[in-house]
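Chains as they are written, first to last, in our numbering: chain A, 1 to 78; chain G, 79 to 268. Inspection log for the structure reproduced underneath, given as structure tokens.
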């Protein structure tokens with residue numbers, strides 16, 4: 001009787017372990033319906049580092065603001 | 079037709095970007111709204127985060143210098159993409175002179191069973207980005223660019239066609255082959 005109980009307990013543990021392993025595997029696996037979806041996911045993992053805006057700000061400080069174009073150049077192009 | 083959808087990566091996720099002090103208030107908004115798209119394009123075209131940072135900086139600096147000449151004929155997004163594509167091409171040319179890259183052949187993908195319509199599966203990990211980069215690197219430059227542009231939900235086929243100097247139909251045809259090529263390589267690099 002005890003032997004039987006031990007065996008069933010062991011089986012239960014094994015089943016639980018397998019289920020847990022399967023669950024963690026499913027959680028980690030991602031599925032993308034298209035290449036675009038995969039790339040959008042990738043883009044969300046690669047945000048612009050904040051130092052880019054700091055560098056840009058510094059560069060813009062050293063860059064004089066170009067004078068506005070006269071109205072006729074705005075219409076006709078430079 | 080691709081529907082324009084607002085970019086989930088825009089300003090609200092980057093509050094620090096709106097603090098950019100430029101003297102041109104519109105320009106700070108322009109950076110906040112589009113820098114993520116430009117950075118990601120540069121990252122995957124140049125295959126190097128540091129070079130992508132430099133390129134993003136340079137693209138916006140160029141844009142700032144010619145901001146008054148931007149007449150609104152195209153959307154700000156396509157205008158910035160045009161600057162970015164030209165800039166990355168210039169960098170790649172000088173880079174490729176030193177690191178010759180051979181593009182894989184269309185015939186290989188055509189002879190491989192189609193997987194373009196099957197879902198792409200991958201494990202969430204740090205290596206996923208590397209795998210995507212390897213896959214993109216294995217594609218011809220044109221396919222890589224088209225896939226990166228079509229992944230931007232703000233762009234339409236017409237805008238992509240204008241950016242790549244071809245008809246929307248040509249873009250559709252090439253994208254079909256590009257998706258197939260991507261799927262084949264993505265599988266190989268698993």
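Quick reminder that beta carbons are idealized off the backbone N, C-alpha and C, glycines included.
Per-residue burial, residue 243 (chain G) [other beta carbons within 10 Å of its own, 16 or more giving buried]: Your numbering for residue 243 (chain G) matches position 165 in the second chain. Exposed is the call here.
Selection of the stretch 114 to 139 of chain G by Cβ proximity to chain A, strictly under 7 Å: 114, 117, 118, 121, 131, 134, 135, 138, 139
Residue 56 (chain A) - DSSP class collapsed to helix/strand/coil: Looking up residue 56 (chain A) in the first chain gives position 56. In the structure shown, residue 56 (chain A) sits in a helix (DSSP, three-state: H, G or I).
Backbone secondary structure at residue 36 (chain A) - three-state DSSP: Within the first chain, numbered from 1, the residue matching residue 36 (chain A) stands at position 36. Here residue 36 (chain A) sits in helix by DSSP.
Opening and closing residue of the alpha helix (DSSP H) in which residue 199 (chain G) lies: Within the second chain, numbered from 1, the residue matching residue 199 (chain G) stands at position 121. Unbroken run through residue 199 (chain G) is the beta strand (DSSP E), 198 to 201; no alpha helix (DSSP H).
Beta-carbon gap between residue 122 (chain G) and residue 214 (chain G) smaller than 8 Å: Along the second chain, read from residue 1 onward, the residue named residue 122 (chain G) stands at position 44. Along the second chain, read from residue 1 onward, the residue named residue 214 (chain G) stands at position 136. Yes, these two residues count as a Cβ contact at 8 Å.
Between the CA atoms of residue 145 (chain G) and residue 151 (chain G) - distance to the nearest angstrom: Start at 1 with the first residue of the second chain, and residue 151 (chain G) comes out as number 73. Start at 1 with the first residue of the second chain, and residue 145 (chain G) comes out as number 67. Their backbone Cα atoms lie some 13 Å apart in a straight line.
Limits of the alpha helix (DSSP H) - the one that residue 264 (chain G) falls within: The residue given as residue 264 (chain G) occupies position 186 in the second chain. In this chain, the alpha helix (DSSP H) harbouring residue 264 (chain G) covers 246 to 266.
Within-8 Å CB hit, residue 148 (chain G) to chain A: The residue labelled residue 148 (chain G) in the question sits at position 70 within the second chain. At a cut-off of 8 Å between beta-carbon atoms, residue 148 (chain G) makes no contact with chain A.
Beta-carbon spacing of residue 267 (chain G), residue 212 (chain G) below 8 Å: Position 189 of the second chain, counting from 1, holds the residue named residue 267 (chain G). Position 134 of the second chain, counting from 1, holds the residue named residue 212 (chain G). The answer is yes: Cβ separation under 8 Å.
Positions along the stretch 197 to 225 of chain G whose CB lies within less than 8 Å of some CB in chain A: Listed by position, the residues of the stretch 197 to 225 of chain G near chain A (Cβ gap below 8 Å) are 197, 198, 199, 200, 201, 202, 203, 206, 207, 210, 225.
Buried or exposed (CB count within 10 angstroms, at least 16 for buried), residue 12 (chain A): Stepping through the first chain from its first residue, residue 12 (chain A) is reached at position 12. Exposed, by the Cβ-count rule.
Coil, strand or helix - residue 158 (chain G) by DSSP: Within the second chain, numbered from 1, the residue matching residue 158 (chain G) stands at position 80. The answer is helix: DSSP assigns residue 158 (chain G) an H, G or I state.
Limits of the unbroken alpha helix (DSSP H) element including residue 129 (chain G): In the second chain, the residue the question calls residue 129 (chain G) occupies position 51. First-last of the alpha helix (DSSP H) with residue 129 (chain G): 127 to 143.
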